[in-house]
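Note sheet for the following structure.
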Amino acid sequence: AGGRSLPTATPSPPLPAGMVWPPLGARLAPPTPLGSGESGRGDASHLTPRGGAGVGAMSRRERGPEPGAGGAEAAAEDAEPAEPESPDQCLSLLPWDRFSAWLHCVCVVGFDLELGQAVEVIYPPHSKLTDKERTNICYLSFPDSNSGCLGDTQFCFRFRQSPGRKVSLCCFLDQLDRDLPIYLKKDSAYYYGYVYFRQVRDKSLKRGYFQKSLVLISKLPYVHLFHTMLKKIAPEYFEKSEAFLEAVCSDIDRWPPPVPGKVLQLPIMGVILKLRIPTYRDKPGTTPIVQNMHQADAQISMALPTVHEVDLFRCFCPVFFHIQMLWELVLLGEPLVVMAPSPAESSETVLALVSCISPLKYCSDFRPYFTIHDSEFKEYTTRTQAPPSVILGVTNPFFAKTLQHWPHIIRIGDIKLPGEVPKQVKVKKLKNLKTLDSKPGVYTSYKPYLNKDEEIVKQLQKGVQQKRPTEAQSVILRRYFLELTESFIIPLERYVASLMPLQKCISPWKSPPQLRQFSQDDFMKTLEKAGPQLTSGLKGNWIGLYRHFLKSPNFDGWFRSRQKEMTQKLEALHLEALCNENLVFWSQKHTEVETVDLVLKLKNKLLQADREHLPVKTDTLKKLQAHINDIILALPDDLQDILLKTGT
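Residue 274 in the numbering used here sits at position 245 of the sequence shown, and the numbers go up by one each step.
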């Protein structure tokens, strides 16, 4: 690449089975046998947390239906991905396909005296960006002038993908997406931009400053991975320019695909990044540690403890005493503005807020760094309607005036780890927020539904006094948020599990039964005996919190996901019921027209199972295919010829 020899990359492992155009049903997860659990409901048991709250309850919920009464060990074996096929069994990937699995493109944004911010380089050169996307990237890649970011600054932003544009490798990435926890699944409507910005004095330039950003554009929300990468490559890029960038992209195009649950080794300019992307099977709140095997490895490899998490304690330090209220505001999808002195602080704080309700997915829009030039600026700052459900991170003082009608504003100063215990800061009234120079704090008239948990505040304060490492403080805070979210969501999980039709309602000769309707009143009645009090000692107006949550985008997104999961489970159980019937015997008692109709319906069932990735065992699909073949072979030759050639 431009005369530079590329470092030797470790060979990429073959793609796992079913990653690209697998045989029918090869990538499908196993179903739960009929009759699991005492309730007589088709796999409703996995939806009801066993043994109280426990972290495991959430992992079952996030990963969807899991095998039932067939035994835990067998279930675990069934759930494991299939063994990798030999490379020649998988379709070979084209040049830049591996790169595209991780990044859309790499941009270099510079400052032109006549044009202002401009995209100077896009790599690979064939990468497509619309004019609107380019404009957004230009403005979002530079801090506001008032930020005064001298030296090197790292931050991230998020922007809408222009509609109507196809994503390359769509099917391939969708297959990887299925194994991710719900809060890490990519959002097809948005891109992330990961920025390394440098501003240094340079008398040889007219402006007197060198200003440039190296930006990674990706669908993946792996902030820690991409910031680590940029730290490695950006400083050298600013010295060596385009040939170096070409070599970096060439390295990325040798990476294995971002398969969840596997330890991946990613070579980048002479260093190997070792990491593991979480999977829906992981127990929430746990992170399997990736370590270097040998001491010598430490010279050339770097193990990442996480791909996506931010330093939670560091981000929440400025609003230390209000973490529980902020959790409620994020859970309820309330409009929130984070006003910060720089894009680094605003983006980290917004990402911390979004992650505090994990493993629930935050379903509204969020912008880690938002500017007055953003294409959605008018939409989000209009006073003609109520502020939308969105979290914005801003640094421009103009927003203090433009967004003063927003109901909840977080003002933070420079994020520094406290050497002493933070002082108690009261919630401030919105009318006191005049400028971005107002004192740090939370400006809102919101009254929390739950009583304040003094224990977590004392625990974190003690950690500050004892100079406990920030990583340990973040672990404590993350566990606190996780337990709070689980205590809140488990009663909803239990109730939704009860909406599953009874097993006896599933007949092979009728369409699969429908889920019962969600009734707010019926759900509220369950809280008296099976509410959050079973797993949380927090007092307060839980009922009011649930009523508010049921109107929020987060409930809508969560319920749609559960609805889809249970509907697919019913379809899978219906398929199993069909497999257990003697279909050949049935066809012998019916007319040829009815038999042909049955064959076409069964073929459509197989296509649906593959298209919608129904949780059906491969053996079940093979059995159904065998039934179809047997029925066809019992028909006259002319019909056989037609049906064997007919795909649908």
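C-beta: ideal position from N, C-alpha, C; glycine also.
If you draw a straight line from the alpha carbon of Leu209 to that of Glu338, how long is it in whole angstroms? The residue given as residue 209 occupies position 180 in the sequence shown. The residue given as residue 338 occupies position 309 in the sequence shown. When rounded, the distance between both Cα atoms is 15 Å.
Select from Val244, Asp670, Phe428, His656 the residue whose C-alpha is nearest the C-alpha of Glu610. The residue labelled residue 610 in the question sits at position 581 within the sequence shown. Selected option, being the one with the closest Cα: His656.
Which class does Tyr409 belong to by DSSP, given the choice of helix, strand or coil? Here residue 409 is taken as the residue at index 380 of the sequence shown, counted from 1. Reduced to three states, the DSSP call for Tyr409 is helix.
Leaving out five residues before and five after Gly422 in sequence, what residues of the same chain have Cβ atoms less than 7 Å from its Cβ? Position 393 of the sequence shown, counted from the first residue, corresponds to residue 422. So the qualifying residues of the chain are Val367, Ala369, Ser375, Ser376, Thr378, Val379, Arg396, Pro397, Tyr398, Phe399.
Could you pull the start and end residues of the alpha helix (DSSP H) that Ser375 belongs to? As a working note, residue 375 is residue 346 in the sequence shown. First-last of the alpha helix (DSSP H) with Ser375: 372-384.
Quick one: Cα of Ser170 to Cα of Gln549, how far? Counting from one through the sequence shown, the residue named residue 170 turns up at place 141. Counting from one through the sequence shown, the residue named residue 549 turns up at place 520. Ser170 and Gln549: Cα-Cα distance of roughly 45 Å.
Sheet register partners of Asp403 (DSSP bridge): As a first step, residue 403 is located in the sequence shown; it is residue number 374 there, counting from the start. DSSP output for Asp403 lists no bridge partner at all.
So, Arg283 versus Val292, is the Cβ gap smaller than 8 Å? As a working mapping, residue 283 is identified with position 254 in the sequence shown. As a working mapping, residue 292 is identified with position 263 in the sequence shown. Not a contact, by the Cβ cut-off of 8 Å.
Mapping DSSP to helix, strand and coil, what is Ile420? Along the sequence shown, read from residue 1 onward, the residue named residue 420 stands at position 391. Note: Ile420 maps to strand in three-state DSSP.
State the Cα-Cα distance for the pair Arg230 and Lys303, rounded to the nearest angstrom. As a first step, residue 230 must be located in the sequence shown, where it is residue number 201. As a first step, residue 303 must be located in the sequence shown, where it is residue number 274. If I take the Cα positions, the gap works out to 36 Å.
Host beta strand (DSSP E) of Ile301 (start-end): Residue numbering aside, residue 301 sits at position 272 when the sequence shown is read from its first letter. Taken as a continuous stretch (DSSP letters only), the beta strand (DSSP E) holding Ile301 covers 300-305.
Pull up the distance between the alpha-carbon of Arg187 and that of Met331, whole angstroms please. Here the question's residue 187 lines up with position 158 in the sequence shown. Here the question's residue 331 lines up with position 302 in the sequence shown. Cα to Cα, the separation comes out at about 27 Å.
Residues in its own chain within less than 8 Å of Pro250 by CB, not counting five upstream and five downstream? Indexing the sequence shown from 1 puts residue 250 at position 221. Cβ neighbours of Pro250 beyond the five flanking positions: Leu213, Lys215, Tyr221, His337.
Mind checking Asp667: buried by the 16 CB within 10 Å criterion, or exposed? Taking the first residue of the sequence shown as position 1, residue 667 is located at position 638. Result: exposed.
Candidates Cys185, His155, Ala606: closest to Ile535 by CA position: For this step, residue 535 is matched to residue 506 along the sequence shown. If we check each option's Cα against that of Ile535, Ala606 comes out closest.
Just checking, does the segment 412-428 make contact with the segment 229-246 on the three C-beta pairs under 8 Å criterion? no
Can the beta-carbon of Leu389 be found less than 8 Å from the beta-carbon of Phe578? For the purposes of this step, residue 389 is taken as residue 360 along the sequence shown, with counting starting at 1. For the purposes of this step, residue 578 is taken as residue 549 along the sequence shown, with counting starting at 1. Result no, Cβ atoms of Leu389 and Phe578 do not sit closer than 8 Å.
With distances taken from CA atoms, which of Leu355, Ile386, Gly470, Val224 is nearest Lys481? In the sequence shown, the residue the question calls residue 481 occupies position 452. That would be Leu355, whose Cα lies nearest to the Cα of Lys481.
Can you find at least 3 beta carbon pairs, one from the segment 625-639 and one from the segment 553-568, that sit closer than 8 Å? no
Straight-line Cα distance separating Val613 from Val628: Taking the sequence shown and counting its residues from 1, one reaches residue 628 at position 599. Taking the sequence shown and counting its residues from 1, one reaches residue 613 at position 584. Taking the straight line joining both Cα atoms gives about 11 Å.
Given that a residue counts as buried once 16 or more other Cβ atoms are within 10 Å of its Cβ, and exposed if not, what is Gln669? Here residue 669 refers to the residue found at position 640 when the sequence shown is read from its first residue. Gln669 should be labelled exposed.
What are the partner residues of Val227, as DSSP defines its beta bridges? Within the sequence shown, residue 227 is the residue found at index 198, counting from 1. The sequence given here has Arg at residue 227, not Val. Paired residue(s): Asp181, Lys241.
CB-CB under 7 Å to Phe345, same chain, minus the five flanking residues each way: which ones, in chain order? Working through the sequence shown from its first residue, we reach residue 345 at position 316. Excluding sequence neighbours, Phe345 sits near Ile352, Ala381, Leu506.
Would Phe15 and Thr499 qualify as a contact pair, given that the criterion is a beta-carbon distance under 8 Å? Residue numbering for the chain in the displayed model covers 30 to 677; residue 15 lies beyond these limits and cannot be assessed.
Distance check for Gln617 and Ala663, CA to CA, integer angstroms please. Within the sequence shown, the letter at position 634 stands for residue 663. Within the sequence shown, the letter at position 588 stands for residue 617. For Ala663 and Gln617, the distance between alpha carbons rounds to 8 Å.
Nearest-angstrom beta carbon gap, Gly314 and Leu511 [assumed within contact, 8 Å]: Position 482 of the sequence shown, counted from the start, is the residue given in the question as residue 511. Position 285 of the sequence shown, counted from the start, is the residue given in the question as residue 314. Indeed they touch by this definition, with Cβ atoms about 5 Å apart.
Would a C-beta distance cut-off of 8 Å place Leu604 and Thr649 closer than the cut-off? What you label residue 604 is simply residue 575 of the sequence shown in a count that begins at 1. What you label residue 649 is simply residue 620 of the sequence shown in a count that begins at 1. Going by C-beta atoms, Leu604 is nearer than 8 Å to Thr649.
In terms of DSSP beta bridges, what is Ala638 paired with? The residue labelled residue 638 in the question sits at position 609 within the sequence shown. DSSP, once it has assigned bridges, lists no residue as partnering Ala638.
With 16 other CB atoms within 10 Å as the buried threshold, where does Ile572 fall? On the sequence shown, residue 572 is found 543 positions in, with the first residue counted as 1. Answer is exposed; the Cβ neighbour count stays below 16.
Closest by CA to Tyr223, which one among Gln502, Phe406, His642, His133? The residue given as residue 223 occupies position 194 in the sequence shown. Looking at the Cα atoms, His133 is the closest of the given residues.
At least 3 beta-carbon pairs within less than 8 Å: the segment 270-285 vs the segment 148-162: yes
In the DSSP assignment, find the beta strand (DSSP E) that holds His619 and state where it starts and stops. Locating residue 619 in the sequence shown gives position 590, where the first residue counts as 1. No beta strand (DSSP E) holds His619; DSSP gives it neither H nor E.
Is it the case that the Cβ atoms of Leu643 and Gln597 are separated by a distance below 8 Å? Position 614 of the sequence shown, counted from the start, is the residue given in the question as residue 643. Position 568 of the sequence shown, counted from the start, is the residue given in the question as residue 597. A contact, by the Cβ cut-off of 8 Å.
Output the boundary residues of the beta strand (DSSP E) element that contains Glu483. If you number the sequence shown from 1, residue 483 lands on position 454. Where Glu483 is concerned, there is no enclosing beta strand (DSSP E), although the alpha helix (DSSP H) it sits in stretches over 483-494.
Same chain, Cβ closer than 7 Å to Tyr391, neighbours up to 5 away in sequence not counted: For the purposes of this step, residue 391 is taken as the residue at position 362 of the sequence shown. Contacts found: Val359, Val383, Asn583.
Straight-line CA distance for Cys185 to Phe255? Residue 185 sits at position 156 when you count from the first residue of the sequence shown. Residue 255 sits at position 226 when you count from the first residue of the sequence shown. Using only the alpha carbons, I get a separation of about 10 Å.
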